[in-house]
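Colleague:
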Amino acid sequence: MKTLAQHTKDVPASRAFRPAVVFLPWVACVAVAFAVQLVAPALFDDYWVNVLRRVGVFVIAAVSLNIVNGITGQFSMGHAGFMAIGSYIGASTTYTGSLLLHGSVGDDSFAVQGTMLMLGGLVAGACAAAGAGYLVGLPSLRLRGDYLAIVTLGFGEIIRVLLELTSKQVDTADGARANPFAAFFSFNGPTGFFGTPAYASNFWIWLFVAITCVVAYRLKRSSSGRAFLSIREDEIAARAMGIDLTKYKVRAFVLAAAFGGVAGALFSHTGVNPSPTDAGFQRSFDIIIMVVLGGLGSISGSVLAAILLVLLPEMLRGLQEYRLVLYAVLLIVMMLVRPQGLFGVKEVWDLWGAKRKARGGTP
Amino acid sequence: MSTAPATLLEASDIGITFGGLKAVQGLSLRVPTGALHGLIGPNGAGKTTAFNLLTGVYQTQTGSVTLAGTTLSGKRPHEIALAGLSRTFQNIRLFGELSVLDNVMLGSHLRGTHRLIRTVFRTPAFVRQEEAMRERALELLGIFGLQGLAAEQAKSLPYGDQRRLEICRALATEPKVLLLDEPAAGMNPSEKKSLASTIRSIRERFGVAILLIEHDMGLVMDICEHITVLDHGQVISAGTPRFVQDDPKVIEAYLGVVEEEGTGNGERGTGKASLGKASAG
Amino acid sequence: MGYELLQILTVTIAVGSLYALVALGYTLVYGVLKFINFAHSDVFVLGAWTSFTTAVFLIATQGIDSANPPWWLGVLVFLSALVVCGGVGYCIERFAYRPLRKAPRLNVLITAIGVSLLLQNVGQITGPTIARSEQGSPLATLPFGATPKRMPTLLPEVVLNESTLAKGQAQGGAARGVVVLDQQITLEEGRQYRLAITRMQAGSDGALRTIRESLSLAVESGTYAAGTELRTTPRRTPEELSGATYELRRGPRVPINLIDVIIVVVSLSLMVGLQVLIYRTKMGSAMRALSHNVETASLMGINTNRVISFTFVLGSVLAASAAFLYPMKYPGLNQTAHGIWVLLGLKAFVAAVVGGIGNVRGAVLGGFLIAAIEFFGAWAYAPLRDVYVFAVLILVLLYRPNGLLGKAVMEKV
Ligand SMILES: Nc1ncnc2c1ncn2[C@@H]1O[C@H](COP(=O)(O)OP(=O)(O)OP(=O)(O)O)[C@@H](O)[C@H]1O
Ligand SMILES: [Mg+2]
Numbered sequence: 006m007k008t009l010a011q012h013t014k015d016v017p018a019s020r021a022f023r024p025a026v027v028f029l030p031w032v033a034c035v036a037v038a039f040a041v042q043l044v045a046p047a048l049f050d051d052y053w054v055n056v057l058r059r060v061g062v063f064v065i066a067a068v069s070l071n072i073v074n075g076i077t078g079q080f081s082m083g084h085a086g087f088m089a090i091g092s093y094i095g096a097s098t099t100y101t102g103s104l105l106l107h108g109s110v111g112d113d114s115f116a117v118q119g120t121m122l123m124l125g126g127l128v129a130g131a132c133a134a135a136g137a138g139y140l141v142g143l144p145s146l147r148l149r150g151d152y153l154a155i156v157t158l159g160f161g162e163i164i165r166v167l168l169e170l171t172s173k174q175v176d177t178a179d180g181a182r183a184n185p186f187a188a189f190f191s192f193n194g195p196t197g198f199f200g201t202p203a204y205a206s207n208f209w210i211w212l213f214v215a216i217t218c219v220v221a222y223r224l225k226r227s228s229s230g231r232a233f234l235s236i237r238e239d240e241i242a243a244r245a246m247g248i249d250l251t252k253y254k255v256r257a258f259v260l261a262a263a264f265g266g267v268a269g270a271l272f273s274h275t276g277v278n279p280s281p282t283d284a285g286f287q288r289s290f291d292i293i294i295m296v297v298l299g300g301l302g303s304i305s306g307s308v309l310a311a312i313l314l315v316l317l318p319e320m321l322r323g324l325q326e327y328r329l330v331l332y333a334v335l336l337i338v339m340m341l342v343r344p345q346g347l348f349g350v351k352e353v354w355d356l357w358g359a360k361r362k363a364r365g366g367t368p
Numbered sequence: 107m108s109t110a111p112a113t114l115l116e117a118s119d120i121g122i123t124f125g126g127l128k129a130v131q132g133l134s135l136r137v138p139t140g141a142l143h144g145l146i147g148p149n150g151a152g153k154t155t156a157f158n159l160l161t162g163v164y165q166t167q168t169g170s171v172t173l174a175g176t177t178l179s180g181k182r183p184h185e186i187a188l189a190g191l192s193r194t195f196q197n198i199r200l201f202g203e204l205s206v207l208d209n210v211m212l213g214s215h216l217r218g219t220h221r222l223i224r225t226v227f228r229t230p231a232f233v234r235q236e237e238a239m240r241e242r243a244l245e246l247l248g249i250f251g252l253q254g255l256a257a258e259q260a261k262s263l264p265y266g267d268q269r270r271l272e273i274c275r276a277l278a279t280e281p282k283v284l285l286l287d288e289p290a291a292g293m294n295p296s297e298k299k300s301l302a303s304t305i306r307s308i309r310e311r312f313g314v315a316i317l318l319i320e321h322d323m324g325l326v327m328d329i330c331e332h333i334t335v336l337d338h339g340q341v342i343s344a345g346t347p348r349f350v351q352d353d354p355k356v357i358e359a360y361l362g363v364v365e366e367e368g369t370g371n372g373e374r375g376t377g378k379a380s381l382g383k384a385s386a387g
Numbered sequence: 003m004g005y006e007l008l009q010i011l012t013v014t015i016a017v018g019s020l021y022a023l024v025a026l027g028y029t030l031v032y033g034v035l036k037f038i039n040f041a042h043s044d045v046f047v048l049g050a051w052t053s054f055t056t057a058v059f060l061i062a063t064q065g066i067d068s069a070n071p072p073w074w075l076g077v078l079v080f081l082s083a084l085v086v087c088g089g090v091g092y093c094i095e096r097f098a099y100r101p102l103r104k105a106p107r108l109n110v111l112i113t114a115i116g117v118s119l120l121l122q123n124v125g126q127i128t129g130p131t132i133a134r135s136e137q138g139s140p141l142a143t144l145p146f147g148a149t150p151k152r153m154p155t156l157l158p159e160v161v162l163n164e165s166t167l168a169k170g171q172a173q174g175g176a177a178r179g180v181v182v183l184d185q186q187i188t189l190e191e192g193r194q195y196r197l198a199i200t201r202m203q204a205g206s207d208g209a210l211r212t213i214r215e216s217l218s219l220a221v222e223s224g225t226y227a228a229g230t231e232l233r234t235t236p237r238r239t240p241e242e243l244s245g246a247t248y249e250l251r252r253g254p255r256v257p258i259n260l261i262d263v264i265i266v267v268v269s270l271s272l273m274v275g276l277q278v279l280i281y282r283t284k285m286g287s288a289m290r291a292l293s294h295n296v297e298t299a300s301l302m303g304i305n306t307n308r309v310i311s312f313t314f315v316l317g318s319v320l321a322a323s324a325a326f327l328y329p330m331k332y333p334g335l336n337q338t339a340h341g342i343w344v345l346l347g348l349k350a351f352v353a354a355v356v357g358g359i360g361n362v363r364g365a366v367l368g369g370f371l372i373a374a375i376e377f378f379g380a381w382a383y384a385p386l387r388d389v390y391v392f393a394v395l396i397l398v399l400l401y402r403p404n405g406l407l408g409k410a411v412m413e414k415v
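Residue numbers (the working numbering), protein chains in the order written: chain A, 6 to 368; chain B, 107 to 387; chain C, 3 to 415.
1. Which stretch, first to last residue, makes up the alpha helix (DSSP H) that contains A47 of chain A?
2. Put H107 of chain A into one of helix, strand or coil per three-state DSSP.
3. Between C:L119, C:A228, C:L232, which lies nearest to A220 of chain C when the distance is taken from Cα to Cα?
4. Grouping DSSP H, G and I as helix and E and B as strand, with all else coil, what is E320 of chain B?
5. DSSP state of T338 of chain C, grouped into three classes?
6. Using a C-beta to C-beta distance shorter than 9 Å, which residues of chain A count as neighbours of V233 of chain B?
7. Which same chain residues, not among the five before or five after A198 of chain C, have their C-beta less than 6 Å away from its C-beta?
8. Using only the heavy atoms of ligand 2, determine whether one of them is closer than 7 Å to the beta carbon of K153 of chain B.
9. Can you look up Q64 of chain C in the DSSP assignment and give me helix, strand or coil?
10. Can you tell me whether D353 of chain B is helix, strand or coil according to DSSP?
11. Quick check: what's the CA-CA separation for I258 of chain C versus R193 of chain C?
12. Could you check how far apart the C-beta atoms of I333 of chain B and V326 of chain B are, in whole angstroms? I think they sit under 8 Å.
13. For K181 of chain B, which residues of its own chain have a beta-carbon under 8 Å away from its beta-carbon, when the five flanking residues on both sides are left out?
14. Is A131 of chain A helix, strand or coil by DSSP?
15. Looking at ligand 3, does it come within less than 7 Å of Q196 of chain B, judged from the CB to the closest heavy atom?
16. Are at least three pairs of beta-carbons, each pair with one atom in the stretch 398 to 410 of chain C and one in the stretch 345 to 364 of chain C, less than 8 Å apart?
17. Is M412 of chain C close to chain B? Criterion is C-beta to C-beta, closer than 8 Å.
18. Tell me the start and end of each unbroken alpha helix (DSSP H) in the stretch 16 to 51 of chain C that is at least 4 residues and wholly inside, in chain order.
19. Bridge partners of F428 of chain B, per DSSP?
20. For D322 of chain B, is the beta carbon positioned less than 7 Å from some heavy atom of ligand 2?
21. Against chain C, which members of the stretch 219 to 244 of chain A pass a CB distance test of less than 7 Å?
22. Measure from the C-beta of E365 of chain B to each C-beta in chain A and report whether the shortest distance is under 8 Å.
23. Which residue spans inside the stretch 162 to 200 of chain C form an unbroken beta strand (DSSP E) run of at least 3?
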């Protein structure tokens with residue numbers, strides 16, 4: 006039998022490159038973004054258009070958490086910590102950047118440059134969160150499930166405490182110019198970081214929602230994705246098959262954290278002021294519930310669950326006080342009745358395409 | 107077997123204790139290229155533990171293991187797999203939620219490259235490798251008559267198919283030495299018969315050496331050229347099937363167990379019964 | 003500074019023994035079921051809520067003078083916490099965990115998180131009022147509600163190692179809030195002083211009653227001649243002070259409070275009791291058998307469900323005891339679920355892990371260790387108090403994953 010290397014060489018070029026499969030998803034991303042941006046205001050009033058932005062942020066958060074909790078089976082409870090890192094770094098990039106470059110924040114004349122700053126902040130936030138993900142991922146190699154959960158929980162709490170210790174926000178151009186570095190990291194302690202302009206329109210948010218989903222799905226349906234899943238299924242067997250647990254667990258953490266950072270950075274540009282409590286476990290639980298409900302390992306399941314769980318309390322106002330109680334009951338009942346979540350590791354479309362041809366590779 | 111072939115896998119004096127229990131002690135093994143060796147012994151003798159030591163699941167506390175000249179002891183399990191040692195598990199460890207095809211494709215993972223950028227952008231290099239993995243996996247499944255089940259979830263397969271799938275997955279790693287832990291457990295006689303011929307043909311076709319743990323003496327005596335017998339973590343006998351079968355120490359180990367167990371669980375009784383069958387056949 | 007460190011040490015010992023009590027619950031459950039009962043910290047919080055609610059309810063409905071609570075109030079409150087927590091602990095195991103005994107670890111973990119969330123948030127709902135003040139404002143609701151509360155005093159505040167510096171006749175000064183003593187006194191730096199005053203006062207019915215009260219001296223250290231006007235809090239009028247006798251009590255450099263002693267004594271007796279239970283009783287040996295190997299234990303005729311239920315109830319009862327004692331020392335029950343209280347439970351968890359989860363002595367050791375790290379750390383730099391604890395957790399897990407006293411277990415393959 007030929008080795009994999011020989012086999013790979015022998016695959017004909019015609020099968021190696023199919024433009025439609027490769028490029029269409031990206032086109033679809035842009036299309037989705039435009040569609041939401043243009044259609045939403047026609048259908049809903051301002052309030053609901055705003056809710057839609059929140060929905061998008063949580064979809065990104067849930068899908069990214071699913072990479073590590075669902076697909077890789079490493080139960081992280083500190084996702085809000087990564088989001089908060091992205092939030093603050095992103096917000097401060099735009100805010101401090103505007104002060105430095107323009108002298109004030111949120112001017113209409115500076116909106117285009119401001120949006121560029123936001124995108125820069127997104128990248129910076131994602132990188133910072135990914136760095137934190139790397140730091141958290143490393144100990145995860147040594148820890149079994151429940152310990153890892155606690156360590157990540159502690160990580161979120163540490164982020165919260167550290168954010169509370171930051172100094173007062175610098176809100177003048179002179180102040181920022183005097184010491185840009187210090188100004189950038191002055192996150193305003195327990196009160197939270199104010200005044201970031203709401204540059205993240207539905208277009209940007211849903212563009213990143215779509216990109217996150219494409220990336221997550223392509224990851225899942227790839228050799229790396231199989232490695233992630235194998236770790237979740239059976240670490241010992243995965244190791245025996247030559248999977249480097251260290252590498253893949255850290256990869257999963259870094260990826261999840263990076264997209265969590267993106268979600269956070271977008272969130273702080275929707276008119277919501279990031280505050281240290283955002284890093285705490287309450288927010289992490291919210292996202293965990295979305296992942297568990299949608300199905301551990303199901304990208305589309307996470308998307309649906311996130312949409313549902315953000316919209317539900319909005320629609321049933323009287324529910325607010327009981328929201329978390331309901332979520333908790335949901336979580337327990339789910340584990341007793343349908344532990345794999347609504348869709349398990351499958352995708353929504355797998356359900357009605359039930360038994361299609363054998364497929365394990367690329368979509 | 108004319109001239110002695112080169113030693114491929116060599117374990118010398120390996121051992122481990124679990125809180126006072128000497129599970130394996132001073133075990134030495136030598137598996138030449140293309141060999142089919144057996145490892146037998148009563149329940150709890152330390153056979154599976156020996157596999158775990160060889161594959162790095164447990165760290166050896168004494169001795170060393172080499173594969174084709176490179177030292178394996180101290181390496182981590184995935185490095186050992188990469189070096190060319192692959193195994194199946196006594197208590198089947200498939201990736202249950204994954205499809206049969208995915209299980210085998212995962213086997214060839216370690217022979218590929220997996221860059222995130224390539225994965226996300228679906229570059230030709232990525233697609234090529236993915237296609238190659240799939241083709242290889244289907245080919246392997248074909249050898250074991252499992253290609254029709256490629257899309258099924260691994261955990262939904264019947265027991266015998268799961269055992270075959272594990273062998274299939276292990277072969278996908280392109281091993282030099284294949285370690286099989288009780289592959290015939292739970293199979294009926296006709297399945298066992300076909301398994302025996304499959305094992306032989308694997309050796310021819312893939313050129314791998316095979317180390318086999320098996321309680322079914324008929325099967326072991328039939329297909330192995332060399333057998334090592336463990337009891338209480340120590341080698342009590344080693345040699346050709348005929349030699350081992352007649353070794354009084356081996357008979358004592360098995361019979362002793364049966365006496366000890368007396369009214370105990372029936373599982374151990376099979377040791378004696380099978381041994382008897384082997385002598386007869 | 004030396005005295006300051008000694009003071010921190012007393013706090014460490016008191017709070018450490020409470021951490022140890024809660025940590026024991028984590029460890030016991032882990033011992034028999036090999037999983038971390040995330041909801042344990044919430045059982046602890048529940049115990050504190052129950053203590054508060056019962057205390058306020060009894061005080062409001064039984065006409066208890068909240069300044070001088072009778073001894074049985076504390077006992078009843080303690081019992082209520084034990085019963086509620088024990089019952090909830092039993093139910094958690096019976097209805098949430100038992101159906102998942104054979105399920106994958108991840109599912110059990112998620113369920114545990116769910117149970118934890120449930121307890122926290124049910125407690126946060128503001129339910130119907132069950133006790134009102136005389137003016138009719140609500141004091142306690144069931145469930146507990148989200149507003150900050152203050153635990154009523156169940157035990158008078160007593161510093162055990164106080165001494166009497168001077169005794170004599172006191173009188174009021176020219177104005178309100180001033181007292182004049184009949185002898186020269188010297189107040190040292192770094193100590194607390196108070197005047198124990200005994201005076202007569204006419205009640206509303208006209209009869210004279212003896213009043214004993216404690217005034218603290220609001221003056222700086224130094225020597226004050228007899229007849230000097232000394233300011234006090236609370237402020238008393240010259241009329242009130244006429245004919246009063248005083249006793250000048252000098253606070254120790256390192257105060258030892260009655261409550262601290264009670265905490266340590268109760269905790270230690272519970273720990274000793276637990277040791278006896280585990281190593282000297284039939285139930286204890288069943289628990290040990292289970293922690294060794296569940297299957298073998300059940301083959302040997304041990305009713306595993308009963309032992310597991312018992313273990314849960316035992317752990318919950320220990321948490322309840324800690325939860326009863328803790329608010330007696332720190333009465334602020336504010337920021338209930340989301341803040342300090344859950345963190346307290348988590349610290350106990352860290353204690354269990356650091357000591358070596360599954361190891362009873364480890365839990366006790368871990369409890370004291372974590373308290374020491376927390377309080378001495380806070381002394382060094384207070385805002386990082388919680389960070390120290392989690393940093394220690396991460397370090398221990400990385401370098402001694404089985405904790406200080408735990409032993410390594412290898413998964414059988
Ligand atoms: N991780 C471990 N911790 C403690 N003891 C272990 C561990 N792994 C194996 N043992 C013990 O080592 C001894 C040898 O076990 P092993 O599984 O190697 O036996 P075996 O020869 O494979 O038996 P069988 O034929 O039943 O599979 C047994 O007594 C077993 O209980
Ligand atoms: Mg075995």
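Every residue gets a Cβ at the ideal spot worked out from N, C-alpha and C, and that includes glycine.
In this text, all values refer to a predicted model and were calculated from it rather than measured experimentally.
Modeller: This is what the structure gives:
1. 24 to 48
2. Three-state DSSP puts H107 of chain A in a helix.
3. Closest by alpha carbon: C:L232.
4. coil
5. Note on T338 of chain C: pLDDT 49, under 50, position unreliable in the model; the coordinate value appears next. In this structure, DSSP gives T338 of chain C a state outside helix and strand, which the three-state scheme calls coil.
6. V16, R20, A21, F22, R23, V26, V27, G366, T367
7. S216, E249, R251
8. yes
9. coil
10. coil
11. 13 Å
12. 6 Å
13. Closer than 8 Å at the Cβ level, and outside the excluded window around K181 of chain B, lie G162, A189.
14. Looking at A131 of chain A - three-state DSSP - the assignment turns out to be helix.
15. Looking at this structure, you won't find ligand 3 anywhere; what it does contain is ligand 1 and ligand 2.
16. yes
17. yes
18. none
19. Because chain B in this structure spans residues 107 to 387, residue 428 of chain B falls outside the shown range and cannot be described.
20. no
21. I241
22. Because E365 of chain B sits at a pLDDT of 45, beneath the cut-off of 50, its placement in the model cannot be relied upon, and the following sentence gives the value as read from the coordinates. Output row for E365 of chain B: interface = no.
23. 165 to 174, 180 to 183, 187 to 189
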